[in-house]
Amino acid sequence: MRVLIADDDPVMRMLLSAVIDADPQLDLVGAAEDATEAIRLATAHTPDVVLLDVEMPGGGGQHAAREIKASRPATRVLALSAHEDGPARDEMRDAGADGYVIKGTPPAEIAKALRGD
1 MRVLIADDDP
11 VMRMLLSAVI
21 DADPQLDLVG
31 AAEDATEAIR
41 LATAHTPDVV
51 LLDVEMPGGG
61 GQHAAREIKA
71 SRPATRVLAL
81 SAHEDGPARD
91 EMRDAGADGY
101 VIKGTPPAEI
111 AKALRGD
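Okay, here's the thing in structure tokens:
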């Protein structure tokens, strides 16, 4: 399964990359630092799933989710946030996100969410 991640925090990108690299069913095809780059990489690499930070430069996860879903409706989009609930969750769902992952979730659970298990 081809995975694209997008988070403005380089440490978070490194941690998510390690989670993906550790799972033989997942293949990291790109790591973006903002929404604009996430949209560009999604177009270039046609991932099966995109994990988008809700709060990042370039319009945030909502902007990236809308653009990615508009051009690639079959791509699953998962929101990534430090907040368990609140308006961000609703905004990402309204933007087309298929799921929601909380930062700090154990690596095995993140991999499971990416695989769609």
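Using full-length UniProt numbering, the letters of the sequence shown map in sequence onto residues 1 to 117.
Ideal Cβ positions, reconstructed from N, Cα and C, are used throughout, including at glycine.
Fair warning: this is a prediction, and the values are worked out from it, not measured in the lab.
Under the three-state DSSP convention, the category residue i falls into
i	result
residue 54	coil
residue 61	helix
residue 27	strand
residue 72	coil
Integer Cβ distance of residue i from residue j, believed to fall under 8 Å
i	j	result
residue 102	residue 71	So it is not a contact: roughly 27 Å between Cβ atoms.
residue 74	residue 52	Not quite, the Cβ-Cβ distance comes to about 16 Å (not below 8 Å), so this is no contact.
residue 61	residue 92	6 Å
residue 66	residue 32	Going by Cβ atoms, the distance from residue 66 to residue 32 rounds to 15 Å, so no, they are not a contact pair.
residue 108	residue 99	About 16 Å separates the two Cβ atoms, so there is no contact after all.
residue 64	residue 39	6 Å
Check whether residue i and residue j have beta carbons under 8 Å apart
i	j	result
residue 19	residue 97	no
residue 34	residue 2	no
residue 42	residue 16	no
residue 77	residue 54	no
residue 25	residue 115	yes
residue 56	residue 117	no
Beta strand (DSSP E) segment containing residue i, residue limits
i	result
residue 111	Careful: residue 111 lies outside any beta strand (DSSP E), inside the alpha helix (DSSP H) at 107-115.
residue 38	No beta strand (DSSP E) contains residue 38, which is instead part of the alpha helix (DSSP H) from 35-45.
residue 6	2-6
Residue i - containing alpha helix (DSSP H), residue span
i	result
residue 18	10-21
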